[in-house]
Each structure stands twice: as C-alpha cells, then as structure tokens.
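**Q** Under our numbering, the first residue of the sequence shown carries the number 19, and numbering increases by one thereafter. We put the beta carbon where it would ideally sit given N, CA and C, even for glycine. Note that the coordinates shown come from a computational prediction; the quantities given were computed from them, not determined experimentally.
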Amino acid sequence: MDLFLLLSTQKGLIGFAHGKQNQTESTEGELSAIYLLRSYQGRGIGRSLVNRVVGQLEEHGVTSLIIAVLADNPACHFYERLGGIRVSECVIERGGKELEEYVYRVALPIAAS
Numbered sequence: 019m020d021l022f023l024l025l026s027t028q029k030g031l032i033g034f035a036h037g038k039q040n041q042t043e044s045t046e047g048e049l050s051a052i053y054l055l056r057s058y059q060g061r062g063i064g065r066s067l068v069n070r071v072v073g074q075l076e077e078h079g080v081t082s083l084i085i086a087v088l089a090d091n092p093a094c095h096f097y098e099r100l101g102g103i104r105v106s107e108c109v110i111e112r113g114g115k116e117l118e119e120y121v122y123r124v125a126l127p128i129a130a131s
C-alpha cells in the first residue's frame with residue numbers, strides 16, 4: 019500500500035506526506051516523506067498529517083513506522099516527539115556527498131502529546 023497526502027489552503031499547496039506499507043501484509047510501514055512550509059510548522063499540522071498517514075497504514079495492519087532522516091535535519095526532534103527511537107545510523111551518498119542518516123522506529127499508535 020502506497021499513500022500520498024497533499025495539504026492545501028486557498029493559497030495553494032502547503033505540505034505533503036508519503037507513507038507506505040513495506041510489503042503486502044507486513045506490519046512495518048515507512049514514512050518516506052513529509053514536508054510542510056516553514057510558516058505552517060509548529061502549529062500541530064505536521065503531527066496531524068502524520069496521524070492521517072498512520073491511520074491509513076494501521077487499517078492495513080501496520081504496527082510500526084520506519085523513518086529515515088538526515089542527521090542534521092531539525093525534524094529529528096519532531097520524530098523523537100512522535101515516540102521515535104533511533105535504531106541505526108549510516109552514511110549515504112547524495113549528489114556526490116557523504117551524509118549521515120538516522121533511522122527511527124515509531125511504535126503505533128503514536129502517543130498523544
């Protein structure tokens with residue numbers, strides 16, 4: 019299952035999220051992308067977007083999410099507030115540069131905060 023959500027206002031697109039079930043009938047899912055315009059961050063909109071993805075994945079039996087994020091991304095704190103636990107670190111290559119990446123696992127359902 020692949021899920022792509024768009025979030026917009028009358029002014030246009032303000033964010034999106036992409037989640038998927040790793041394999042058919044797997045209990046593991048992935049939040050592979052989430053983006054929200056900076057002017058809309060810090061209002062609970064990102065959490066709401068994640069919750070919508072999670073709700074759809076849970077309906078298909080997903081009980082945990084994997085989230086990979088660059089180590090210097092300020093969103094790491096967001097994933098930790100969702101209950102994410104860093105389970106690994108690795109170095110990836112993007113555009114000829116080596117970058118450190120963290121992988122978080124989040125048990126579902128996500129705790130309210």
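Classify Ile128 as helix, strand or coil using the three-state DSSP reduction.
**A** Your numbering for residue 128 matches position 110 in the sequence shown. DSSP places Ile128 in coil when its eight states are reduced to three.
**Q** Assuming Val72 and Leu23 form a contact by the criterion Cβ under 8 Å, report the distance between their Cβ atoms to the nearest whole angstrom.
**A** Here residue 72 corresponds to residue number 54 of the sequence shown, with the count starting at 1. Here residue 23 corresponds to residue number 5 of the sequence shown, with the count starting at 1. The Cβ separation is near 11 Å, so there is no contact.
**Q** Strictly by DSSP, which residues pair up with His36?
**A** By 1-based counting over the sequence shown, the position of residue 36 is 18. DSSP lists Phe22 and Ala51 as partners of His36.
**Q** Please specify which runs of the beta strand (DSSP E), each continuous and at least 3 residues long, are wholly inside the stretch 55–110, giving them in chain order.
**A** DSSP runs (the beta strand (DSSP E)) wholly in the stretch 55–110: 82–88.
**Q** Does Glu116 come out as helix, strand or coil in the three-state DSSP assignment?
**A** As a working mapping, residue 116 is identified with position 98 in the sequence shown. Here Glu116 sits in strand by DSSP.
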